[in-house]
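Since the structure comes first, as structure tokens, the remarks are kept for the end.
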Amino acid sequence: MKISEKIIEKHGITKSEYKRIITLVGRELNLLELGIFSAMWNEHCSYKSSKKYLKTLPTKNNKVIQGPGENAGVVDIEDNDALVFKIESHNHPSFIEPYQGAATGVGGILRDIFTMGARPIALLNSIHFGDPNHPKTKNLLSGVVSGIGGYGNCMGIPTIGGEVKFNSSYNENILVNAMAVGLTKKNKIFYSKANGVNQPVIYVGSKTGRDGIHGASMASAEFDDNVDNKKPTVQVGDPFAEKLLLEACLELMKDDSIISIQDMGAAGLTSSSVEMASKGNLGIEINLDKIPCREKKMTPYEMMLSESQERMLLILKSGKEDDAKKIFSKWGLDFSIIGKTTNTNHLVLNFKNIEVANLPLSSLSKDAPVYDRKWKKKLPSKKIDAPKNFQTKDISECLVKILSSPNNAEKSWVWEQYDSTVMGDTIQKPGGDSGVVRVHGKNKGIALTIDSSAHYCLADPIIGGKQVVCETWRNLVAVGSKPIAITNCLNFGNPEKEEIMGQFVETIDGISQACSYLDFPVVSGNVSFYNETKKNSIYPTPTIGGVGLIKNLNYTMNKNLKEIDSNILIIGKTSGHLFQSEFFREVLNFKEGSPPAVNLFNEKNNGLSILNLISKNLVNSVHDISSGGILVALVEMCISGKIGAKVKIPKRDINHFEFLFGEDQSRYIIEVNEKNMKEVDKLLKENSVYYEKIGKTQKDSLDIDNICKMKLNSLGEIINKWFKSYYKE
Amino acid sequence: MKISITITLKDDVLDPQGKVVNQTLKNMGYRSIENVRQGKYFEINLNEKDEKKAKKISEEICEKLLTNTVIENYSISYK
Amino acid sequence: MKISITITLKDDVLDPQGKVVNQTLKNMGYRSIENVRQGKYFEINLNEKDEKKAKKISEEICEKLLTNTVIENYSISYK
Amino acid sequence: MKSSVIVFPGSNCDRDVAVALQKFKIENKMVWHEETTLPKSDIVVLPGGFSYGDYLRTGCIASKSKIVSEIIKHANKGGLILGICNGFQILIESGLLPGSLLRNKKLRFLSKNVFLKVVNIKNSFCSDFKNKDIIELPIAHNEGNYFASNDLIKKLEDNNSIAFKYSDKDGNISIESNPNGSSNNIAGILNEKKNILGMMPHPERLIDPILSGEDGSMLFSSLLKN
Ligand SMILES: Nc1ncnc2c1ncn2[C@@H]1O[C@H](COP(=O)(O)OP(=O)(O)O)[C@@H](O)[C@H]1O
Ligand SMILES: [Mg+2]
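Structure below.
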């Protein structure tokens, strides 16, 4: 069959790309081969628009064991322990089928972790939805949340953090980013690079069905009105099968029979086999008759492009097949020897004794296109005047308005659907600045957080990129952990548009600057482009997942105020930046202006000073100041600690609104017992950290300079109200 | 009027529950069982005598709430 | 042979799922809906030509596995 | 004292409860569900998790495992059995405890700390709660809504077979303090002979002050008094 132009286009391959393919292969393709190219050359697998810029991210330091390029990143957390982590997006599938889309997103990221030999110990997620009044939002939100819970809970892995945000730019393109973290030994890390000729290639896990055929290309295409037609490609997750796969893989990994291992994720068998072989500079030959199939009469095309979940590809040392098979049968999983490694540097597929595909591996991987797309710089917003007359507003009313908005409401409705305490090592559950889990059997812990600030990035991608890395750093510091490294998920619109590409390029610039300065490398990540429908693009949304180490769990910190009559200090300078603040956005509905600037020196200096205070046992509680400013941060500390506060606003050249709601960066609130004040003052001064003492803790109520007086009970109800009324509970 | 609605997974959609039930029945010795698919069932009392209206309502609630039309089919029967 | 099995909760057993579906339909404006009960549905392919044997197997698997006879009833239909 | 923790495909609190047992110096063995003999044990523990993915009905398929007939023999001899969360569901499905566990009232998975009133301390599992009868433990389940006919409820109450009820921090038992809609706020029940306990909350997750509490410890320390 001659491949028509229409078929090529349907596979998301441009005319010039097809020409290039013909040159690389030296002949026309058959349909199966075209399918394979379309999977490997699409944005999702090839990173053709982003590669150039991803290379500029700082990815190394003395803690990094494995940076980007493997299934997940790995960092050294001492005592021969290694932490494996990554973030992954499942945006498009979740919009089409929220429960299954989100569930399989969690399943996918977990496989990335345990393929590397690590037992997953924690999950996090960042989810963005459209306007709550948009007709689709309610079902999407509840479906996504129960899907995330459904998978993670069944696997028995605690979900200990995340974020939920709403904004109309996500109306038709929600974001579902899932992060997983696993623990292994430094000398027990497994990689995907094949090694050695004539070694058996093994398929394990669930059977292959017609799930998600063309899922990977779907994830790289803009939605049009025809979403409905794309429906049958949805994959259904089976967390039970994955739990068995996890246990079977970890059991097999106890000895040294695995040469390399790779999960079948996007583009299933195609990308896993191509990646393993080409990384090892080998060839691979597969007999498709050996693929365990779920449905009758599956074609080679379907087998190679299926995205059925809960499957893995292994290359074993030859001779180890029988022992390995025993393990997988014990767990009731399929195990099939489907081929072998070769020295041909070709991917060869046989079916019913006929060679159905034969492609040079380099043409699928290293010779895939890389684009230097045109991009436009975001011009700094012109000098904009702040809205007038807001100073007559009532502070309490403004506070209530912010706390009862969907973006600032407490998210317990969400996180209570996630098992956060299974595995018996959760030190800090969702609701704090970072989640904390104990390293099993030891007295050290891992702090984890996930953050994004899309409206900052929209207003200024460079500042926004910097800011979100700094916020991650701050959230890790606030629980007393030393930040180690990050993973990132870059969610953007259509990169073929100069403006969108500009957002991408500049956001990466901002991320790079902050990561370099803070020595906070990027060890893994994911890019999701084409989050765009009918020309409406999402806000540029880089999601940053950070990990930190707490060497001694006796010094972990949280944000709950602890005792009455202690001092409340603001660390870092408050200059009252209100543009892009929750106050301007939620209360005044004013969305112009640039986000708060980020001073990396202060960020690092303030953060390290806080860590120093925590390590000397000088503070009772710590919370970073982020959206909503000082007042919202303080309210959160009061509610979680069930202790009030009496605050006097320092006499300075800024007004009350700027002081209470400004979103200047690099700041924390800390609670210090009077007996420690002298020592704290001394240490902060020694390190030239700016701080202000603004008041004292007290019983039961919040009192801001007599302009805002509220009972804690009612504040608690207000911050909890939004989800309950949205779902009429 | 009583209506009953059965909801089944579309043909090529994975049915993890059916799979496990099938395997369990085999383990229990039922060799002749070839395949199990699990679905949902609803029994609804409708205060509506007009058959046409009842039909319209039933179809609407299947489309709008009961069925996940991305992966499921439904069928309605009236008693 | 194809058999289908519907499993429903006994009348006096609380049905949290049906209750929520009922409430949701009411909230959506369907006033004529009086009551909703949710159950399970199975479609089973049986490699068995003898009707009697098929019937025996079907009843057995309902009793032994598919139904919790303390709270559920089942009915079988053969095609 | 010796214990056996039964591991089913999909169990995921097996390690957690083994850690708790070991912390209290109870000598534990993990037992795969396909075993046909039970190691000598004073107590058998059915752990939490999602045995068989919770497919069909929670606990149902696990209750058909080979090892279950051994567990029933153990029970008949008066041996102790503790079923936590999914373990409780398995005990119900295997007929060792009466009633049934339905979906939570709000049809959502619920993971949070709850307060419990210890209703019966005169049994092998709860004796150490005598000094503290309102405790805080985590729940994490989708099907914990205990349902029983009025007759059965009455029988449970009359026989003192209810071990825990959901309450508020002062011990008040009300609709507000009931997270999942269970009949009479029931969170855990005993059999008539009081050698079998099934409960939805997870004592094994709170045995360490660093995990913000150790109210679960008293259950394990009670076991040692046997
Ligand atoms: N989807 C979610 N899953 C789990 N936890 C969540 C989720 N959304 C929010 N949380 C928790 O709510 C708390 C507040 O979230 P957020 O306001 O984003 O915190 P921060 O400003 O400190 O990053 C955090 O502890 C976070 O872990
Ligand atoms: Mg924070």
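Protein chains in written order, with this note's numbering: chain G, 1 to 729; chain W, 1001 to 1079; chain X, 2001 to 2079; chain D, 3001 to 3226. Backbone N, C-alpha and C define an ideal beta-carbon position, used for all residues, glycine too. Treat the numbers as computed from the prediction; the structure is a model and nothing was measured.
Can you tell which of G:Glu603, G:His128, G:Gly546 and G:Phe590 has its C-alpha closest to the C-alpha of Asn389 of chain G? G:Phe590
Residues in the segment 243-266 of chain G having any Cβ partner in chain W nearer than 8 Å: none
Can you tell me whether Val731 of chain G is buried or exposed, with buried defined as 16 or more other CB within 10 angstroms of its CB? Residue 731 of chain G lies beyond the range of chain G shown here (1 to 729); nothing can be said about it.
Rounded to whole angstroms, what is the Cα-Cα separation between His440 of chain G and Arg3205 of chain D? 13 Å
Give the DSSP-derived three-state secondary structure of Val227 of chain G in the structure shown. With a pLDDT of only 44 at Val227 of chain G, under 50, the local geometry of the prediction cannot be trusted, and the value read off the model is given with reservation. Three-state result, Val227 of chain G: helix.
For Leu569 of chain G, count neighbouring Cβ atoms within 10 angstroms of its own Cβ and tell me buried if that reaches 16, exposed if not. buried
Under 9 Å by beta carbon: chain D residues contacting Trp41 of chain G: Those do not exist, as Trp41 of chain G stays about 36 Å from chain D at its closest Cβ, beyond 9 Å.
To the nearest angstrom, how far is it from the Cα of Lys230 of chain G to the Cα of Ala645 of chain G? In this predicted model, Lys230 of chain G has a pLDDT of only 41, less than 50, meaning its place in the structure is not dependable; the value taken from the coordinates is given anyway. C-alpha separation (whole angstroms): 54 Å.
Among X:Pro2016, X:Glu2051 and X:Glu2063, which residue has its Cα nearest to the Cα of Asn2035 of chain X? X:Pro2016
Contacting positions in the segment 1030-1056 of chain W - beta carbon closer than 7 Å to chain X: Tyr1030, Ser1032, Ile1033, Glu1034, Asn1035, Val1036, Arg1037, Gln1038, Gly1039, Lys1040, Tyr1041, Phe1042, Glu1043, Ile1044, Asn1045, Leu1046, Asn1047 and Glu1048
Gly3049 of chain D CB to nearest chain G CB: under 8 Å? yes
Closer than 7 Å, Cβ to Cβ, to anything on chain G: give me those residues from the segment 3095-3122 of chain D, in chain order. Lys3106, Arg3108, Phe3109, Leu3110, Ser3111 and Lys3112
Within the 8 Å Cβ cut-off, does Ile1071 of chain W reach chain G? yes
Below 7 Å on C-beta distance, what does Ser3061 of chain D contact in chain W? Contrary to the premise, residue 3061 of chain D reads as Ile rather than Ser in this sequence. Chain W residues near Ile3061 of chain D: Val1020 and Thr1024.
Hey, how far is the Cα of Lys3106 of chain D from the Cα of Asn3180 of chain D? 7 Å
With 8 Å as the threshold, decide whether the Cβ of Thr1006 of chain W is near any Cβ in chain X. yes
Going by other Cβ atoms of all chains shown within 10 Å of its Cβ, with 16 needed for buried, is Asp419 of chain G buried or exposed? buried
Just verifying my parser: in three-state terms, what is the DSSP assignment at Trp3032 of chain D? strand
Enclosing beta strand (DSSP E) for Asp624 of chain G [first to last residue]: Ser621 to Asp624
Extract the residue ranges of the alpha helix (DSSP H) inside the segment 233-320 of chain G, only unbroken runs of 4 or more that lie entirely within it. 239-252, 268-279 and 300-305
So the beta strand (DSSP E) Thr1006 of chain W belongs to, where does it begin and stop? Lys1002 to Leu1009
Please report the Cβ distance between Gly3079 of chain D and Asp3042 of chain D, rounded to the nearest whole angstrom; I am assuming they are in contact, meaning their Cβ atoms lie under 8 Å. 7 Å
When the cut-off is 8 Å and only beta carbons count, does Asn139 of chain G lie next to chain D? no
In this structure, does DSSP put Val647 of chain G in helix, strand or coil? strand
So who's on the other strand from Val106 of chain G, going by DSSP bridges? According to DSSP, which records beta bridges pairwise, Val106 of chain G is partnered with nothing at all.
Applying the 10 Å Cβ sphere with the 16-neighbour rule, what's the burial state of Ile610 of chain G? buried
Determine the DSSP secondary structure at Arg373 of chain G, reduced to helix, strand or coil. coil
Given a threshold of 16 other Cβ atoms within 10 Å of its Cβ, counted over all protein chains shown, does Asp225 of chain G qualify as buried or as exposed? Because the pLDDT of Asp225 of chain G is 43, which lies under 50, any placement of that residue in the model is unreliable, and the question is left without a value.
Contacting residues, own chain, Cβ-Cβ under 8 Å from Ile511 of chain G (five flanking each side not counted): Leu57, Gly465, Lys466, Val468, Val469, Asn488, Val522, Pro542 and Ile544
Own chain residues within Cβ distance below 8 Å of Asp131 of chain G, not counting five before or after: Thr137, Phe166, Asn167, Ser168 and Asn171
Spatial neighbours of Lys185 of chain G within its chain, please: C-beta separation below 6 Å, excluding the five flanking residues on both sides. Asn80
Please list the partners that Leu3211 of chain D has in chain G, where partner means a Cβ-to-Cβ separation under 9 Å. Thr421, Gly424, Asp425, Thr426, Ile427 and Arg438
Drop a sphere of 10 angstroms on the beta-carbon of Asn3172 of chain D, count the other beta-carbons inside from all chains shown, and report buried for 16 or more, exposed for fewer. exposed
Alpha-carbon spacing of Asn3150 of chain D relative to Asn3120 of chain D, whole angstroms: 20 Å
Report the neighbours of Leu1065 of chain W on chain X: residues whose CB is nearer than 8 Å to its CB, in chain order. Val2021, Thr2024, Leu2025 and Met2028
Please report the straight-line C-alpha distance between Gly3099 of chain D and Phe3147 of chain D, rounded to a whole angstrom. 6 Å
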